[in-house]
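Here is the structure we will look at, set down as structure tokens.
Protein chains: 2
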Amino acid sequence: MSTARGTLSADLIVRECLKMLDDEGPAALTFRRIGKHLGVDPTALYRHFRNKDELILAIADSLMEEALDGFVPGEDWMQTIRELLRRSRSVYMAHPHAAIIGTIRVTRREGEMRIVETILDALAKAGFEPAEASRLYRVLDDLNLAFAGLDAGFRVMSAEQQAKDVGAWSKEYALADQREFPRIAAAAPYLPDIEEDPTFELALELMLSAIAHRAEQLNRR
Amino acid sequence: MSTARGTLSADLIVRECLKMLDDEGPAALTFRRIGKHLGVDPTALYRHFRNKDELILAIADSLMEEALDGFVPGEDWMQTIRELLRRSRSVYMAHPHAAIIGTIRVTRREGEMRIVETILDALAKAGFEPAEASRLYRVLDDLNLAFAGLDAGFRVMSAEQQAKDVGAWSKEYALADQREFPRIAAAAPYLPDIEEDPTFELALELMLSAIAHRAEQLNRR
DNA sequence: ACCTGAACACCGTTCAAGT
DNA sequence: ACCTGAACACCGTTCAAGT
Numbered sequence: 000m001s002t003a004r005g006t007l008s009a010d011l012i013v014r015e016c017l018k019m020l021d022d023e024g025p026a027a028l029t030f031r032r033i034g035k036h037l038g039v040d041p042t043a044l045y046r047h048f049r050n051k052d053e054l055i056l057a058i059a060d061s062l063m064e065e066a067l068d069g070f071v072p073g074e075d076w077m078q079t080i081r082e083l084l085r086r087s088r089s090v091y092m093a094h095p096h097a098a099i100i101g102t103i104r105v106t107r108r109e110g111e112m113r114i115v116e117t118i119l120d121a122l123a124k125a126g127f128e129p130a131e132a133s134r135l136y137r138v139l140d141d142l143n144l145a146f147a148g149l150d151a152g153f154r155v156m157s158a159e160q161q162a163k164d165v166g167a168w169s170k171e172y173a174l175a176d177q178r179e180f181p182r183i184a185a186a187a188p189y190l191p192d193i194e195e196d197p198t199f200e201l202a203l204e205l206m207l208s209a210i211a212h213r214a215e216q217l218n219r220r
Numbered sequence: 000m001s002t003a004r005g006t007l008s009a010d011l012i013v014r015e016c017l018k019m020l021d022d023e024g025p026a027a028l029t030f031r032r033i034g035k036h037l038g039v040d041p042t043a044l045y046r047h048f049r050n051k052d053e054l055i056l057a058i059a060d061s062l063m064e065e066a067l068d069g070f071v072p073g074e075d076w077m078q079t080i081r082e083l084l085r086r087s088r089s090v091y092m093a094h095p096h097a098a099i100i101g102t103i104r105v106t107r108r109e110g111e112m113r114i115v116e117t118i119l120d121a122l123a124k125a126g127f128e129p130a131e132a133s134r135l136y137r138v139l140d141d142l143n144l145a146f147a148g149l150d151a152g153f154r155v156m157s158a159e160q161q162a163k164d165v166g167a168w169s170k171e172y173a174l175a176d177q178r179e180f181p182r183i184a185a186a187a188p189y190l191p192d193i194e195e196d197p198t199f200e201l202a203l204e205l206m207l208s209a210i211a212h213r214a215e216q217l218n219r220r
């Protein structure tokens, strides 16, 4: 990748950073390496981002934009929330290194704002007042970001772990002292390394059913 | 803090690192600064931790040990889970910088193992088989770590934000374009900066009620 | 207006040497 | 056995200078 004068832009930088993160992991994300990748002096990046944190926030928000791309909320509020969270999740899982870096951050940029708006709208349609909707939004958004961050971490770690020693992960649980950790020993076969998706789906459905239950009680009054 | 020959230990290092994180934030956690704080050459730390990652994992696990300290699970499985998650949460919130650094990590050390065991045991008492219990454990553990990481992030960020500009946070939501983000505008007064606790409690109760509902169905069969 | 290059004040980690 | 000190290969960021 080489860049002629005037071709550098915030969008281009973010896009290439995402590629670098995917290919080389978080260690690749230094101004010097990004500069080399773009065929540009490292300090040229400062024209587009005040500092590295700003760059990371921009990368994080670009993931949210990607999750929203082409999404049209439907009539069914549960389905809207479910699909939005699934979309976010799959973008994060596709860019686990970026997810780890950006997930915990509140970007307060366009992408995040649009997601907040969409969830709040779905909750309003479920019959919740703004105050209650705000609290439920926080629950859902935290659940979403949270699982993304954790599962991305598991994904990255298990990838590295697997490269070194296949199965080491579950082995460690299996080898847990039977007397000290009897429940872990019994559950060892079911505590697998990479089965994050069913856990997320279960958490999502549990949460949605609890919220739907609350909405019913509310609308009955 | 100065250290004579032979007084350095993994425990002591972890304890002092936690203090440094609390007082000075994550930027303080460099071998050079830790060494200075302990009155010891930075490279002396390598005798106790293979690298910085090992040190971070040890700090993360020490938080879990602290959360478990003195905890005795009772008969009521819901109450056991509730209290364990609240304990973890309050330790994380007391050390938000450490929580941010360590939360996403699976330490696979003593503290973590004991927490896994306790939750699995509570779920077994609720009547779940090991396979189902494992999945529910993952949901609960993720929920716990997840909220801790996020809320610690909010806490740290809002502290810094407040130092700069009190109220900037909620203002930004309030200033959101009414036409583009009508739901956010309506919810602005209810999207406050530091009210993480009610959100966590709500998430916890929603999840526990959904799990209890599942247990009832199961035990009825 | 946009990019460069040198410079500053840092990092983690290794390894031979000291006590 | 435990700690030190120099060295290596990096960092983010600033700022004056170039085109």
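So the sequences go chain by chain: P and E. With numbering that gives the first Met the number 0 applied, the first sequence corresponds to residues 0 to 220, in that order. With numbering that gives the first Met the number 0 applied, the second sequence corresponds to residues 0 to 220, in that order. Glycine residues also receive a C-beta, built at the ideal position from the N, C-alpha and C atoms.
### Message
If I measure Cβ to Cβ from Phe146 of chain E and keep anything under 6 Å in the same chain, skipping five residues before and after, which residues do I get?
### Response
Around Phe146 of chain E: Phe199.
### Task
Determine the contact status of Ala209 of chain P and Ala125 of chain P, defining contact as a CB-CB distance below 7 Å.
no
### Query
Tell me which same chain residues have a C-beta within less than 8 Å of the C-beta of Pro25 of chain P, skipping the five on either side of it?
His96, Ile99 and Ile100
### Task
Spell out a yes or no on whether the segment 52-67 of chain E and the segment 105-122 of chain E are touching, meaning 3 or more CB-CB pairs, one atom from each, closer than 8 Å.
yes
### Message
Distance check for Val155 of chain P and Ala162 of chain P, CA to CA, integer angstroms please.
### Response
Residue confidence is low: Ala162 of chain P scores 49 on pLDDT, short of 50, so the model does not pin down where it sits. No coordinate-derived value is stated.
#### Entry: Buried versus exposed, by CB contacts within 10 Å (16 or more), Val71 of chain E
exposed
### Task
Could you pull the start and end residues of the alpha helix (DSSP H) that Arg32 of chain P belongs to?
First-last of the alpha helix (DSSP H) with Arg32 of chain P: Phe30 to Leu37.
### Query
Thinking just about the alpha-carbon of each residue, which of P:Glu116, P:Met206 and P:Arg31 is nearest to the one in Pro41 of chain P?
P:Arg31
### Query
By the 10 Å Cβ neighbour count, where 16 or more other Cβ atoms means buried, how is Leu17 of chain P classified, buried or exposed?
The Cβ neighbour count for Leu17 of chain P, taken over all protein chains shown within 10 Å, is at least 16; the residue is labelled buried.
### Task
For Ala186 of chain E, decide whether its Cβ has a neighbour in chain P, counting only Cβ atoms nearer than 7 Å.
For Ala186 of chain E, the answer is yes, since a Cβ of chain P falls inside 7 Å of its Cβ.
### Message
Under 8 Å, CB to CB, which of the residues in the segment 82-99 of chain P have a partner in chain E?
### Response
Ile99
#### Entry: Helix, strand or coil at Leu83 of chain P [DSSP, three-state]
helix
### Query
Since Arg137 of chain E meets chain P, which of its residues come closer than 7 Å, beta carbon to beta carbon?
Against chain P, a Cβ distance below 7 Å from Arg137 of chain E picks out Thr198.
### Message
Taking 7 Å as the threshold (beta carbon to beta carbon), is Met63 of chain E in contact with chain P?
### Response
no
### Query
Which one of E:Phe180, E:Ile80 and E:Asp75 has the shortest CA to CA distance from Arg137 of chain E?
E:Ile80
### Query
What are the start and end residues of the alpha helix (DSSP H) that includes Ser61 of chain E?
From DSSP, the alpha helix (DSSP H) with Ser61 of chain E extends over Lys51 to Leu67.
### Query
So is Thr117 of chain E buried or exposed if we call it buried at 16+ other beta carbons inside 10 Å?
buried
### Task
Spell out whether any CB of chain P is found under 7 Å from the CB atom of Phe180 of chain E.
Closer than 7 Å: yes.
### Task
Taking only beta carbons into account, state which residues of the segment 109-120 of chain E come closer than 7 Å to chain P, listed in chain order.
Met112, Val115, Glu116, Leu119 and Asp120
#### Entry: Close-in-space but distant-in-sequence residues of the same chain around Asp164 of chain P (CB under 8 Å, 5 per side omitted)
For Asp164 of chain P, the pLDDT reaches just 40, beneath the cut-off of 50, and the residue's location in the model is therefore unreliable, although a value from the coordinates is still provided. Nothing meets the Cβ criterion.
### Task
Keeping to the same chain, check which residues put their C-beta closer than 7 Å to that of Gly152 of chain P; ignore five residues upstream and five downstream.
Take Gly152 of chain P, set aside five residues on each side of it, and the residues of its chain with a beta-carbon closer than 7 Å to its own are Ile99, in chain order.
### Message
What would DSSP say about Ser1 of chain P, mapped onto helix, strand or coil?
### Response
Reliability fails at Ser1 of chain P, whose pLDDT of 45 lies under 50, so the model's placement of it is uncertain and no value is given.
### Task
Quick one: measure Cβ to Cβ for Leu84 of chain E and Leu201 of chain E, integer angstroms, because I've assumed they're closer than 8 Å.
About 13 Å separates the Cβ atoms of Leu84 of chain E and Leu201 of chain E, ruling out a contact at the 8 Å cut-off.
### Message
Give me, in chain order, the residues of the same chain whose beta-carbon lies closer than 6 Å to that of Ala66 of chain E; leave out the 5 immediate sequence neighbours on both sides.
### Response
Arg86, Ser87 and Val90
### Query
For Leu139 of chain E, does the three-state DSSP call read helix, strand or coil?
In this structure, DSSP gives Leu139 of chain E a helical state, which the three-state scheme calls helix.
### Beta-carbon spacing of Ser8 of chain P, Ala186 of chain E below 7 Å
Contact check for Ser8 of chain P against Ala186 of chain E fails: the beta carbons are separated by 7 Å or more.
### Query
Is the Cβ of Ser133 of chain E closer than 7 Å to any Cβ of chain P?
Taking a beta-carbon distance threshold of 7 Å, Ser133 of chain E counts as an interface residue toward chain P.
### Task
Starting from Tyr189 of chain P, find everything on chain E with Cβ-Cβ shorter than 7 Å and list it in chain order.
By Cβ distance, chain E contributes Pro129, Ala130 and Ser133.
#### Entry: Option in E:Pro181, E:Asp75 and E:Leu142 with minimal Cα separation from Asp120 of chain E
E:Asp75
### Query
Would you call Arg49 of chain P buried or exposed, if buried means 16 or more other Cβ atoms sit within 10 Å of its Cβ?
exposed
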